[in-house]
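Enquirer: If you scroll down you'll find the structure; I have some questions about it.
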Amino acid sequence: MIDLQLLYVAWQDVRRKKSAGGIDRVSTESFEKDLDNNIRRIYHKLQNRTYLPEAYLQVEIPKDENETRTLGLATINDKIVQTAIKLLIESR
C-alpha cells in the first residue's frame, strides 16, 4: 500500500532528479511551495481510488541535423506516483 511516507520518499527522488513538469506546467519548485497539501492530495486520491494520470506533454528534441525525437513528459504528480509504485515493487 502506498502511504504518505512513501510519497514523500518518492518526492525526494523526483526533486533530486530536477524533473521537468508535464502538461500542467507545474515545476518541482512550484510543487514544493505547497508540498504537504500536494502530497496529501495525491494520497487521498490514491486512497479513494480516484487518482487519474494526466496526459503527457510531448516535446520534440533535436536528434541529428534533420531529425527530432519526441519525448513524453509526465506531470510531477504522475512522476511521484510512478516512483512510489517503483519503490513499492522493488522492496518486495
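Here the sequence shown stands for residues 7 to 98, numbered as in my numbering.
We treat Cβ as the ideally placed atom computed from N, Cα and C, and that holds for glycine.
Values in this document were obtained by computation on a predicted structure and should not be read as measured data.
When DSSP labels each residue in this structure, what does Leu-94 get in the three-state scheme?
Expert: Reading the sequence shown from its first residue, position 88 is the one you call residue 94. In the structure shown, Leu-94 sits in a helix (DSSP, three-state: H, G or I).
Enquirer: Ends of the alpha helix (DSSP H) at Arg-75?
Expert: Counting from 1 along the sequence shown, the entry for residue 75 is found at position 69. That residue, Arg-75, is in no alpha helix (DSSP H); its beta strand (DSSP E) goes 74–79.
Enquirer: If you reduce the DSSP assignment to three classes, tell me which class Ile-48 lands in.
Expert: As a first step, residue 48 must be located in the sequence shown, where it is residue number 42. Three-state DSSP puts Ile-48 in a helix.
Enquirer: Is Pro-68 closer than 7 Å to Thr-76 when the C-beta atoms are compared?
Expert: As a working note, residue 76 is residue 70 in the sequence shown. As a working note, residue 68 is residue 62 in the sequence shown. Not in contact: Thr-76 and Pro-68 (Cβ atoms no closer than 7 Å).
Enquirer: What is the rounded straight-line gap between the Cα of Ser-33 and the Cα of Tyr-49?
Expert: On the sequence shown, position 27 is the one that residue 33 refers to. On the sequence shown, position 43 is the one that residue 49 refers to. Spanning the two alpha carbons is a distance of roughly 19 Å.
Enquirer: Report the rounded CA-to-CA distance for Glu-66 versus Gly-28, giving the unit in angstroms.
Expert: Position 60 of the sequence shown, counting from 1, holds the residue named residue 66. Position 22 of the sequence shown, counting from 1, holds the residue named residue 28. Answer to the nearest angstrom: the Cα atoms are 13 Å apart.
Enquirer: So which of Glu-71, Ala-80, Asn-54 and Asp-40 has the shortest CA-CA distance to Met-7?
Expert: Taking the first residue of the sequence shown as position 1, residue 7 is located at position 1. Out of Glu-71, Ala-80, Asn-54 and Asp-40, Asn-54 has the C-alpha closest to the C-alpha of Met-7.
Enquirer: Taking Leu-12 and Leu-63 to be in contact with their CB atoms under 8 Å, please state how far apart those CB atoms are, rounded to whole angstroms.
Expert: Sequence index remark: in the sequence shown, residue 12 carries index 6 (1-based). Sequence index remark: in the sequence shown, residue 63 carries index 57 (1-based). Rounded, the Cβ-Cβ distance is 25 Å, inconsistent with contact.
Enquirer: What are the boundary residues of the alpha helix (DSSP H) that includes Val-32?
Expert: As a working note, residue 32 is residue 26 in the sequence shown. Careful: Val-32 lies outside any alpha helix (DSSP H) and carries neither H nor E.
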